[in-house]
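Comments concern the structure below.
Protein chains in written order, with the working numbering: chain L, 232 to 621; chain W, 4 to 209.
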């Protein structure tokens with residue numbers, strides 16, 4: 232089975248414009264989640280990890296979402312030395328809501344809306360229904376911008392989108408269809424998304440506290456992140472995506488499994504594909520949203536998978552939940568964690584709050600890491616797990 | 004070798020199970036058509052009424068697809084994959100949620116602003132716990148679908164796979180689901196065969 236190497240990666244977040252900038256902030260314990268007063272998103276102040284207002288104001292040609300994608304992909308292409316015009320290269324976009332902000336910005340963005348490719352709007356929505364809202368149009372715009380010749384692939388599978396997109400890249404390269412995959416994910420925090428999570432009463436009033444007894448919900452975040460994958464032997468020695476799997480709970484569309492068996496099955500299949508025993512896994516980067524149900528399910532699953540003693544963190548306290556970017560942001564932090572053999576503490580955790588206690592990191596842990604596991608779960612009952620190896 | 008052991012295509016106010024026309028509702032709007040289709044299948048599944056049009060359409064196509072059971076198997080739910088795609092993600096419900104969120108943001112509506120919820124609904128109904136993925140294409144991509152689902156089966160990630168297309172935007176809709184199995188017989192699982200099944204007309208011609 233082909234080794235799938237990580238060629239380059241980028242995190243473009245409120246904490247920094249590169250993976251290195253981001254990790255330097257994380258090492259110092261800096262969190263992107265902060266109190267926010269942003270009337271365009273919510274009437275009352277809230278905690279979230281947001282870019283400064285106006286970060287994208289200088290560019291009239293692209294929406295904020297598109298600019299995040301361009302910034303993140305651009306950084307990896309500058310360092311990776313790969314050719315987007317190679318017909319053996321595929322661009323994969325992971326997002327949940329894409330340009331949904333265009334619905335809200337409405338008339339202020341008519342110029343952008345009219346640049347869409349044919350109006351797909353509903354009659355009653357008039358100009359707000361332009362083609363630029365579709366996820367496919369965002370991917371095409373990004374592909375054109377950098378000169379990718381193959382049609383881009385779009386993954387939209389709720390909160391596992393990012394991990395699924397990386398694993399799709401791995402599978403497409405292993406199948407022989409492509410040599411290189413550029414996998415990018417992004418989402419922005421909008422009134423649309425904020426009001427939805429608020430309606431679920433899923434938002435924490437303060438900084439989120441994954442796996443803690445006092446956890447009371449998520450913080451939202453926005454980011455873009457990119458990882459470039461290749462099977463070429465010149466990258467031998469780089470970190471590898473070794474295996475992964477998705478499963479479904481078949482239980483509830485907005486609540487996770489009660490047993491964690493389905494995420495545990497995804498973990499077991501990932502370990503099997505990677506040829507790893509549970510004892511070989513040195514660190515788990517959990518989904519850890521800090522909702523009651525997610526963290527309880529995930530703790531059960533990690534325990535069922537035989538990883539109860541493995542150092543775990545959730546990065547949601549640094550980045551918030553970045554939705555379609557989350558799997559990429561958190562996987563890339565895991566890559567850097569392995570490069571530096573440094574597991575970051577899990578912000579917000581003090582007292583165990585799940586029925587099967589995990590080894591949650593509360594201080595920086597310097598430990599040799601040969602194999603790490605990334606997990607994710609989301610609405611629709613979906614679960615994903617992925618093994619990264621040295 | 005993989006085979007298409009069942010299919011269900013819903014479009015133009017018609018439902019075709021394994022190529023056979025089983026329901027035709029000329030002139031019906033989408034909501035009326037979906038209700039007629041639900042009544043046609045005769046299932047008592049009250050959750051159907053709470054679904055958005057995309058999930059209703061996909062759920063109905065899965066009812067038609069799995070009405071005859073699996074050709075191979077029996078399978079463990081963990082060995083059955085679901086791989087779906089569409090063009091408009093959840094935009095149909097996004098518009099609906101957007102137009103109501105300022106007054107009352109409804110969690111029951113918001114949850115459907117993700118395209119993969121239809122995979123969740125089908126998985127709950129049929130106890131499917133295997134691989135799942137949702138992709139966005141401008142139009143159904145039979146080559147990618149064949150390759151992705153074929154890889155799942157070849158690599159033993161799944162023993163059966165439900166794959167295809169479920170798309171809704173306002174009154175425009177189409178669904179085409181295919182059941183693919185290894186331990187069975189039927190038309191070969193090829194891009195051309197999926198396209199031919201999807202394009203069957205009243206004459207039975209592609």
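A virtual CB, placed ideally from N, CA and C, is assigned to each residue, including glycine.
query, result
"In chain order, what residues of the region 105 to 127 of chain W put their CB closer than 7 angstroms to some CB of chain L?", "108, 109, 110, 113, 114, 116, 117, 118, 119, 120, 122, 123, 124, 126, 127"
"Please work out which residues of its chain come closer than 8 angstroms, Cβ to Cβ, to residue 438 (chain L), disregarding the five sequence neighbours upstream and downstream, and give them in chain order.", "262, 264, 278, 450, 548, 578, 579"
"Quick check on residue 107 (chain W): does DSSP put it in helix, strand or coil?", "coil"
"Roughly how many angstroms separate the alpha carbons of residue 339 (chain L) and residue 393 (chain L), rounded to a whole number?", "Annotation note: pLDDT 44 at residue 339 (chain L) (below 50); position unreliable, coordinate value reported separately. If you take the alpha carbons of residue 339 (chain L) and residue 393 (chain L), they lie about 30 angstroms apart."
"In whole angstroms, what is the alpha-carbon distance linking residue 610 (chain L) and residue 430 (chain L)?", "15 angstroms"
"Going by beta carbon distance, what residues of the same chain come within less than 7 angstroms of residue 89 (chain W), once the five residues before and after it are set aside?", "118, 139, 168, 169, 170"
"Note down the Cα distance separating residue 301 (chain L) from residue 272 (chain L), rounded to an integer number of angstroms.", "23 angstroms"
"In the DSSP output, which residue or residues are listed as bridge partners for residue 371 (chain L)?", "Answer by DSSP bridge pairing: none, since residue 371 (chain L) is not bridged."
"Roughly how many angstroms separate the alpha carbons of residue 367 (chain L) and residue 453 (chain L), rounded to a whole number?", "20 angstroms"
"Thinking just about the alpha-carbon of each residue, which of L:476, L:316, L:334 is nearest to the one in residue 383 (chain L)?", "L:316"
"Let's test the definition: count the other Cβ atoms within 10 Å of the Cβ of residue 130 (chain W) and tell me whether it reaches 16, buried, or not, exposed.", "exposed"
"Is the number of C-beta pairs between the region 410 to 421 of chain L and the region 554 to 563 of chain L that are closer than 8 angstroms three or more?", "yes"
"Counting contacts by CB-CB distance shorter than 8 angstroms, is residue 160 (chain W) in contact with chain L?", "yes"
"Between residue 77 (chain W) and residue 52 (chain W), what straight-line distance do the alpha-carbon atoms span, to the nearest angstrom?", "30 angstroms"
"Would you kindly work out how many angstroms separate the C-alpha atoms of residue 519 (chain L) and residue 594 (chain L), rounded to a whole number?", "17 angstroms"
"Counting Cβ pairs, one atom from each stretch, are 3 or more of them under 8 angstroms apart for the region 5 to 21 of chain W and the region 605 to 619 of chain L?", "no"
"Mind pulling the chain W residues with CB within less than 7 angstroms of residue 380 (chain L)?", "Near residue 380 (chain L) there are no residues of chain W at all, since even the closest Cβ is about 16 angstroms away, more than 7 angstroms."
"Please tell me whether residue 238 (chain L) and residue 469 (chain L) are closer than 8 angstroms, where the distance is taken between their beta carbons.", "yes"
"Give the C-beta separation of residue 115 (chain W) and residue 55 (chain W) to the nearest angstrom, bearing in mind that I take them to be a contact with Cβ-Cβ under 8 angstroms.", "4 angstroms"
"Note down the Cα distance separating residue 22 (chain W) from residue 180 (chain W), rounded to an integer number of angstroms.", "12 angstroms"
"Starting from the C-beta of residue 155 (chain W), find all residues in its chain whose C-beta is less than 6 angstroms away, skip the five residues before and the five after it, and write them out in chain order.", "84, 134, 161, 164"
"On the DSSP bridge list, what partners appear for residue 138 (chain W)?", "L:386, W:88"
"My output table needs one value for residue 478 (chain L): the three-state DSSP class, helix, strand or coil.", "strand"
"Check whether the region 506 to 522 of chain L touches the region 564 to 574 of chain L, taking contact to mean three or more Cβ pairs, one atom from each stretch, closer than 8 angstroms.", "yes"
"The region 129 to 153 of chain W: which residues have C-beta closer than 9 angstroms to a C-beta of chain L, in chain order?", "129, 130, 131, 132, 133, 134, 135, 136, 137, 138, 139, 140, 141, 144, 147, 150, 151, 153"
"Would you say residue 461 (chain L) and residue 410 (chain L) are within 8 angstroms of each other, going by their C-beta atoms?", "yes"
"Identify the continuous beta strand (DSSP E) that holds residue 6 (chain W) and give its terminal residues.", "6 to 14"
"Which residues of the region 521 to 536 of chain L have a Cβ closer than 7 angstroms to any Cβ of chain W? Give them in chain order.", "none"
"Since residue 503 (chain L) meets chain W, which of its residues come closer than 8 angstroms, beta carbon to beta carbon?", "By Cβ distance, chain W contributes nothing, its closest Cβ being about 10 angstroms from residue 503 (chain L), past 8 angstroms."
"Between which two residues does the beta strand (DSSP E) holding residue 23 (chain W) run?", "23 to 27"
"Using a Cβ-Cβ cut-off of 8 angstroms, state whether residue 365 (chain L) counts as contacting chain W.", "yes"
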